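Protein chains: 2
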Amino acid sequence: MSFNEVFAGYVTQTEAAIDRYLPLASTRPEKLHTAMRYAMQGGGKRLRPVLVLAAKDLFNTKAQDGLAAAVAVECVHTYSLIHDDLPCMDNDDLRRGRATVHRAFDEATALLAGDALLTHAFILLSHHYPAAIALNLVRELSSASGSEKLIGGQVEDLLAEKRKDVSKADLEFIHLNKTAAMIECSLVLGAIIAEASHEETEKIRHAGRHLGLAFQIIDDILDVTSDNATLGKTVGKDAKAGKTTFVSMHGLEKSKLLAEASSEAAIAGFKSLYKGSDFFTDLTKSLSQRIT
Amino acid sequence: MSFNEVFAGYVTQTEAAIDRYLPLASTRPEKLHTAMRYAMQGGGKRLRPVLVLAAKDLFNTKAQDGLAAAVAVECVHTYSLIHDDLPCMDNDDLRRGRATVHRAFDEATALLAGDALLTHAFILLSHHYPAAIALNLVRELSSASGSEKLIGGQVEDLLAEKRKDVSKADLEFIHLNKTAAMIECSLVLGAIIAEASHEETEKIRHAGRHLGLAFQIIDDILDVTSDNATLGKTVGKDAKAGKTTFVSMHGLEKSKLLAEASSEAAIAGFKSLYKGSDFFTDLTKSLSQRIT
Chain A
2 MSFNEVFAGY VTQTEAAIDR YLPLASTRPE KLHTAMRYAM QGGGKRLRPV LVLAAKDLFN
62 TKAQDGLAAA VAVECVHTYS LIHDDLPCMD NDDLRRGRAT VHRAFDEATA LLAGDALLTH
122 AFILLSHHYP AAIALNLVRE LSSASGSEKL IGGQVEDLLA EKRKDVSKAD LEFIHLNKTA
182 AMIECSLVLG AIIAEASHEE TEKIRHAGRH LGLAFQIIDD ILDVTSDNAT LGKTVGKDAK
242 AGKTTFVSMH GLEKSKLLAE ASSEAAIAGF KSLYKGSDFF TDLTKSLSQR IT
Chain B
2 MSFNEVFAGY VTQTEAAIDR YLPLASTRPE KLHTAMRYAM QGGGKRLRPV LVLAAKDLFN
62 TKAQDGLAAA VAVECVHTYS LIHDDLPCMD NDDLRRGRAT VHRAFDEATA LLAGDALLTH
122 AFILLSHHYP AAIALNLVRE LSSASGSEKL IGGQVEDLLA EKRKDVSKAD LEFIHLNKTA
182 AMIECSLVLG AIIAEASHEE TEKIRHAGRH LGLAFQIIDD ILDVTSDNAT LGKTVGKDAK
242 AGKTTFVSMH GLEKSKLLAE ASSEAAIAGF KSLYKGSDFF TDLTKSLSQR IT
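Protein chains in written order, with the numbering used here: chain A, 2 to 293; chain B, 2 to 293.
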């Protein structure tokens, strides 16, 4: 199978699992569960769940089913987007080509649907794996999404918007935590489910950090070079907000070189794993191709 | 030791543990960690952590330390208050006699500090207990605080504010989930840490449900009969909002009788446990005394 077919297969499995692992829309309170499903079923690349499933398969195709963890990661990613889009944060109307949750429902429902998706991630991890694996999954996901990583990155990102003296180190802190931490975590969850060794897990974690950085630099570039329809979200908002990004700090050409360097470091990391798989090389290249 | 001394002892231990188990205010991002600590160190009854510690001691005074779980429960309770106080929810300025988090900081910080406290609860549970216990703790807390319990109760509560036809069953759904679920959960976490039997755990869960209902009825009564200074939060807001409460539905006298009946059921439940402890009887009575 081609890379695209394998990727699409993981996406199909993820979307079926999302439907299966979320409470039915008819579960009381219906409004809340409808909003949770609206947010989770709005498409998107499904990059993080794919990383969980592919990392699991890299180490052990016969291991425990990775789908509950894949959905858990997507729950956390989606909750962070819902809260990020709220009026007190980015105040965004469009996400994945559709109305954001607070526009489609209301602010209180968006707030609580986000809270519920975050909580649901831990319900899923704690009910679908043997104790030792489940505990490691909860540790990884709670840490990656906590105040020093995902949320820490969001806070520093907000603070940076109001400052003119954002340093390269600040920008790296934001990207490592706001974006790369969850990319890294997704790969690590797959490794944990496959019961990969400590060394293997740390290797894929390290590759994930480079992949995450590449991903964020590419995101900054696309905010300048793409359009709403292609990207499925409002473009040009970073520049409009006077926000410091890789592009505003380094310029477009140097940003492309930086994205390339991070991509290559990620690929080298993936290749160092004992079962060199083309999937992660192809995945990393396919992300880079969006800006070339 | 008297009941008050034992209770105060648990509170002192909890407050020291909150200081120990939260990231330092100097941890990056400082603003976020300062807000998390502001919210957690604002006093309050500390009822839920006390329930964790007392339940653990009821079953086994020598078991694993209950403090990490006690702090985790308080993190979840505090996050739910921070989000509840936001402008898009109750829009409250006062909590535990101080400015609410979004008034003391800003809305985005309050939103993210709430998110971070919820996440931190799972960091704590997954790092301080042996795998089998930790997994059960995560299962209980994620379920009690999820879309069908704590958050479900909050959503139904918001929906009920806009309706005139709230039934007794609706009001019970709200109170069982918005309030009782976390009270129940606190007791169950203590039982899990003490490795109580399944039967004992279910007995204390059941007693906790009655205690939680009693607690909420008393809260509804105090909203009518108390004042801001005594209660440390804005009183009279339920009536002002035209909200259906036990008092608006049943009247003040009948509500007192209902609170009494729930308290008695809780006491009977606690007494049915093999080591009948006066602590829970005294605790339940002390809550009831606030309305007599």
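All C-beta atoms, glycine included, are put in the ideal place defined by N, C-alpha and C. Just so it is clear, the structure is predicted and the values come from calculations on it, not from any experiment.
Could you tell me which chain A residues have their CB closer than 7 Å to the CB of residue 124(B), listed as they occur along the chain?
Within chain A, the residues near residue 124(B) are 143, 144, 147.
Under DSSP, the alpha helix (DSSP H) around residue 34(B) begins and ends at which residues?
Looking at the DSSP string, the run of the alpha helix (DSSP H) that includes residue 34(B) is 31-41.
With H, G and I counted as helix, E and B as strand and the rest as coil, what does DSSP make of residue 284(B)?
The answer is helix: DSSP assigns residue 284(B) an H, G or I state.
Look up residue 100(A) in the DSSP assignment and give the residues it is bridged to.
The partner list for residue 100(A) (beta bridge, DSSP) reads 95(A).
Report back the beta-carbon spacing between residue 189(B) and residue 141(B) to the nearest angstrom; my notes put them in contact at under 8 Å.
So it is a contact: roughly 5 Å between Cβ atoms.
Shorter than 8 Å from the beta carbon of residue 244(A) to some beta carbon of chain B?
Not an interface residue.
How long is the line joining the alpha carbons of residue 28(A) and residue 106(B), rounded to whole angstroms?
Near 36 Å, if we compare the C-alpha coordinates of residue 106(B) and residue 28(A).
Using CA coordinates, which residue listed in 214(A), 2(A), 197(A) is at the minimum distance from residue 64(A)?
Nearest option by C-alpha distance: 197(A).
Closer than 8 Å, CB to CB, is residue 156(B) near chain A or not?
Yes, because at least one Cβ of chain A sits closer than 8 Å to the Cβ of residue 156(B).
For the alpha helix (DSSP H) that residue 137(A) lies in, which residues bound it at each end?
Note, residue 137(A): alpha helix (DSSP H), 132-145.
Express the C-alpha separation of residue 250(A) and residue 137(B) in angstroms, rounding to a whole number.
Looking at the two C-alpha atoms, the distance is approximately 47 Å.
Roughly how many whole angstroms lie between the Cα atoms of residue 161(A) and residue 267(A)?
Their backbone Cα atoms lie some 27 Å apart in a straight line.
Output yes if chain B places a C-beta closer than 8 Å to the C-beta of residue 164(A); else output no.
By this cut-off, residue 164(A) is not an interface position.
Rounded to whole angstroms, what is the Cα-Cα separation between residue 139(B) and residue 241(A)?
Cα to Cα, the separation comes out at about 42 Å.
If you measure from the beta carbon of residue 101(B) to each beta carbon in chain A, is any gap under 8 Å?
False, the Cβ-Cβ gap to chain A never drops below 8 Å.
Within 8 Å (strictly less), CB to CB, does residue 78(A) reach chain B?
Not closer than 8 Å to any Cβ of chain B, the Cβ of residue 78(A) fails to qualify, so no.
Helix, strand or coil: how does DSSP classify residue 180(B) here?
If DSSP states are grouped into helix, strand and coil, residue 180(B) belongs with the helices.
Could you check if residue 147(A) is buried or exposed, using at least 16 other CB atoms within 10 Å of its CB as the buried criterion?
Classification for residue 147(A): buried.
Counting only Cβ pairs nearer than 7 Å, list the residues of chain A close to residue 89(B).
Per Cβ cutoff of 7 Å: 108, 109, 112.
Along the segment 244-272 of chain B, what residues have a CB closer than 9 Å to any CB found in chain A?
Cβ contacts with chain A come from no residue of the segment 244-272 of chain B.
Does residue 238(A) have its Cβ less than 8 Å from a Cβ in chain B?
Not closer than 8 Å to any Cβ of chain B, the Cβ of residue 238(A) fails to qualify, so no.
Applying the 10 Å Cβ sphere with the 16-neighbour rule, what's the burial state of residue 17(B)?
Classification of residue 17(B): exposed, given that the 10 Å Cβ count is below 16.
If the cut is a Cβ gap below 8 Å, which residues of chain A does residue 34(B) touch?
148, listed in chain order.
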